[in-house]
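One structure is given here, and the rest of the page talks about it.
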DNA sequence: GTCTATACACAGATAGAC
DNA sequence: GTCTATCTGTGTATAGAC
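Residue numbers (our numbering), protein chains in the order written: chain R, 220 to 438; chain G, 220 to 438.
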């Protein structure tokens, strides 16, 4: 479920020096920023280097090449994503669990919008860098997640919604607030989405989706 | 509400020759394909030219530069988008009108996924090419659309959902099936989304959103 | 480990023959 | 209107001094 990060200079004995760790992190952070703003092709190694406060050649020292750096960034992102979804179980109360999940996803959209955007652009343009991520393992994991909703349905706790489409609705509606923030701001006359805006959005989603699935809120 | 298309060789008297019209269309079509697959920066004029069956220099004859061509493509796309949303009115029956709208958006996601993807990538990367599109006019238009939902709420036809967030839910959930088709296919083991898949998805969305908004379906 | 200098490929754009 | 040849900038990547 995680991608290979080709850090070609990892001499097996040493556990990565402090200076290496610090630089790698700075580079990845800068790269995340730039990739999110300009896409893979639109970002130059030079820009990343400047933004990280390092000379360009150093990037090539830490990461074999541009693609390697990009994959490292993606990998860093994906670790964050899966965790939230894994907390749902068949034994949970649907209202409580879904509310918690939607809140978590909205919080993620608020705090890590760049991560969401890089992932979105990668998928939109074919997602070839994620081929190994969408492996057999991932399909199995996804089925397992869908099974939780099916269990709720079988237990009569919610309407017989196709779990797969419900997942896409959850993903699409929450990520929209990260990926399309620019449009949302322009259209509503805001300059940025505040914490309050995001909470309101979350509350709305929770209302519509829970009620739409025939789940009675506990409050 | 529409963008300027800088076709610098439009001598005011002539209404664009047949050959010009044909070539421009071929170029725009090829450009749409390439921009959707590789983004703005990732697409080269050369690739577009080859894909359109013309020498590279011809593109520069018809469109001042790469950005001009890109804006022409975007403009072409946006004309399609607004029309569907304009059909909703305060007098409509919410169930019928929303059902029709969701079906229309899903049909658009199915038939013009590239258009949706270009728009998405443009927005994600800041949407600077759409600055004039998101003008005062557009904000007014958007408010007008939101007012339709508010009218339904005031008439007691649906729950007091924030109309603005409802619109984002409608946009996000339907466009997700165009923009993230790659992920959906990989995760569900499909090679492409069929007409049936898209209809199922639409049916699900209609169920959840209508019920979630407290709208009684007429069927 | 770090960074300057540079090789090499390809991009966008244009000049000018046809 | 069309297309070949070419200019110029920028990008990735690396060689090699420190």
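Note that the Cβ used here is the ideal one computed from N, Cα and C, for glycine as well. Since the model is a prediction, treat every value here as computed from it, not as a measurement.
* **Given residue 394 of chain G as reference, the closest of G/252, G/320 and G/257 once Cα atoms are compared** => Numbered from its first residue, the second chain carries residue 394 of chain G at position 175. Measuring from the Cα of residue 394 of chain G, the nearest candidate turns out to be G/320.
* **Under the three-state DSSP convention, the category residue 433 of chain G falls into** => If you number the second chain from 1, residue 433 of chain G lands on position 214. In the three-state DSSP reduction, residue 433 of chain G falls in the coil class, being neither helix nor strand.
* What does a CB cutoff of less than 7 Å around residue 266 of chain G pick up in its chain, not counting 5 residues either side in sequence? -> Translated into the one-based positions of the second chain, residue 266 of chain G becomes position 47. 253, listed in sequence order.
* Beta-carbon proximity list for residue 332 of chain R, same chain, < 7 Å, skipping 5 on both sides -> As a working mapping, residue 332 of chain R is identified with position 113 in the first chain. Same-chain partners within the cutoff: 397 and 400.
* Helix, strand or coil for residue 235 of chain G per DSSP? -> On the second chain, residue 235 of chain G is found 16 positions in, with the first residue counted as 1. Here residue 235 of chain G sits in coil by DSSP.
* To do: Give, in chain order, every residue of the segment 249-267 of chain R whose Cβ lies closer than 9 Å to some Cβ of chain G.
  => Within the segment 249-267 of chain R, the residues whose Cβ lies closer than 9 Å to some Cβ of chain G are 255, 256, 257, 258, 259, 260, 261 and 262, listed in chain order.
* To do: For chain G, find out if any of its Cβ atoms is closer than 8 Å to the Cβ of residue 402 of chain R; answer yes or no.
  => By one-based count along the first chain, residue 402 of chain R stands at place 183. It does; some Cβ of chain G falls within 8 Å.
* Compare the C-beta of residue 225 of chain G against all C-beta atoms of chain R and say whether one is closer than 8 Å. => For the purposes of this step, residue 225 of chain G is taken as residue 6 along the second chain, with counting starting at 1. With a pLDDT of 48 at residue 225 of chain G, under the threshold of 50, the modelled position of this residue cannot be trusted, and the question is left open.
* **C-alpha gap between residue 339 of chain R and residue 390 of chain R, whole angstroms** => To locate residue 339 of chain R, count along the first chain from 1; it is residue 120. To locate residue 390 of chain R, count along the first chain from 1; it is residue 171. Cα-Cα distance, rounded: 11 Å.
* In whole angstroms, what is the alpha-carbon distance linking residue 258 of chain G and residue 250 of chain G? -> As a first step, residue 258 of chain G is located in the second chain; it is residue number 39 there, counting from the start. As a first step, residue 250 of chain G is located in the second chain; it is residue number 31 there, counting from the start. Cα to Cα, the separation comes out at about 10 Å.
* Asked: How about residue 399 of chain R: is its C-beta nearer than 8 Å to some C-beta of chain G?
  -> One-based indexing of the first chain puts residue 399 of chain R at position 180. Yes, residue 399 of chain R counts as interfacial toward chain G.
* Asked: Helix, strand or coil for residue 382 of chain G per DSSP?
  -> Position 163 of the second chain, counted from the start, is the residue given in the question as residue 382 of chain G. Reduced to three states, the DSSP call for residue 382 of chain G is helix.
* **Best match in R/292, R/309, R/436 and R/246 for proximity to residue 279 of chain R [C-alpha to C-alpha]** => Counting from 1 along the first chain, the entry for residue 279 of chain R is found at position 60. Checking every option, the nearest Cα to that of residue 279 of chain R belongs to R/246.
* For the segment 364-371 of chain G and the segment 351-359 of chain R, state whether three or more C-beta atom pairs, one from each stretch, are separated by less than 8 Å. => no
* **Residue from R/417, R/310 and R/423 whose Cα sits closest to the Cα of residue 373 of chain R** => Reading the first chain from its first residue, position 154 is the one you call residue 373 of chain R. Of R/417, R/310 and R/423, the residue nearest in Cα terms is R/310.
* Asked: Would you say the segment 417-426 of chain R touches the segment 373-387 of chain G, given that touching needs at least three Cβ pairs under 8 Å?
  -> yes
* To do: In angstroms with no decimal places, state the Cα-to-Cα distance between residue 284 of chain G and residue 261 of chain G.
  => Taking the second chain and counting its residues from 1, one reaches residue 284 of chain G at position 65. Taking the second chain and counting its residues from 1, one reaches residue 261 of chain G at position 42. Approximately 16 Å, taken between the alpha carbons.
* Pick from R/282, R/274 and R/263: whose alpha carbon is nearest that of residue 240 of chain R? -> Within the first chain, the letter at position 21 stands for residue 240 of chain R. For residue 240 of chain R, the nearest C-alpha among the options comes from R/282.
* To do: Check whether the Cβ of residue 432 of chain G lies closer than 8 Å to any Cβ atom in chain R.
  => Stepping through the second chain from its first residue, residue 432 of chain G is reached at position 213. At least one chain R Cβ lies under 8 Å of residue 432 of chain G.
* Asked: Cβ of residue 167 of chain G less than 8 Å from any chain R Cβ?
  -> This structure cannot settle anything about residue 167 of chain G, because the visible part of chain G is limited to 220 through 438.
* Asked: Just reading off the alpha helix (DSSP H) that residue 352 of chain R is part of, what are its end residues?
  -> Position 133 of the first chain, counting from 1, holds the residue named residue 352 of chain R. Premise fails: residue 352 of chain R is in no alpha helix (DSSP H) and is neither H nor E.
* Asked: Who are the near neighbours of residue 370 of chain G in its chain, counting only those whose CB is closer than 6 Å to its CB and skipping five residues on each side?
  -> By one-based count along the second chain, residue 370 of chain G stands at place 151. Within the same chain, residue 370 of chain G has close Cβ partners 309.
* Residue span of the alpha helix (DSSP H) that contains residue 313 of chain G, given as start and end -> In the second chain, the residue the question calls residue 313 of chain G occupies position 94. Residues 313-330.
* Asked: Can you list, in chain order, the residues of the segment 275-292 of chain G whose Cβ is nearer than 9 Å to any Cβ on chain R?
  -> none
* List the whole-angstrom C-beta distance separating residue 376 of chain R from residue 274 of chain R, where the pair is believed to meet the contact cut-off of C-beta under 8 Å. => As a first step, residue 376 of chain R is located in the first chain; it is residue number 157 there, counting from the start. As a first step, residue 274 of chain R is located in the first chain; it is residue number 55 there, counting from the start. No, residue 376 of chain R and residue 274 of chain R are not in contact; Cβ-Cβ is about 58 Å, not under 8 Å.
* Given that residue 381 of chain R touches chain G, what residues does it touch there, using C-beta distances under 8 Å? -> Here residue 381 of chain R refers to the residue found at position 162 when the first chain is read from its first residue. Near residue 381 of chain R (Cβ distances below 8 Å), the residues of chain G are 419 and 423.
* Measure the C-alpha to C-alpha separation of residue 328 of chain R and residue 277 of chain G and round it to an integer number of angstroms. => In the first chain, residue 328 of chain R corresponds to position 109, counting from 1. In the second chain, residue 277 of chain G corresponds to position 58, counting from 1. When rounded, the distance between both Cα atoms is 43 Å.
* Asked: the segment 319-338 of chain R: which residues have C-beta closer than 8 Å to a C-beta of chain G, in chain order?
  -> The segment 319-338 of chain R vs chain G, Cβ under 8 Å: 336.
* Asked: Could one say the Cβ of residue 361 of chain R lies closer than 8 Å to chain G's Cβ atoms, at least one of them?
  -> To locate residue 361 of chain R, count along the first chain from 1; it is residue 142. At least one chain G Cβ lies under 8 Å of residue 361 of chain R.
* Which one of R/297, R/322, R/404 and R/335 has the shortest CA to CA distance from residue 351 of chain R? -> Reading the first chain from its first residue, position 132 is the one you call residue 351 of chain R. Nearest of R/297, R/322, R/404 and R/335 to residue 351 of chain R, Cα basis: R/297.
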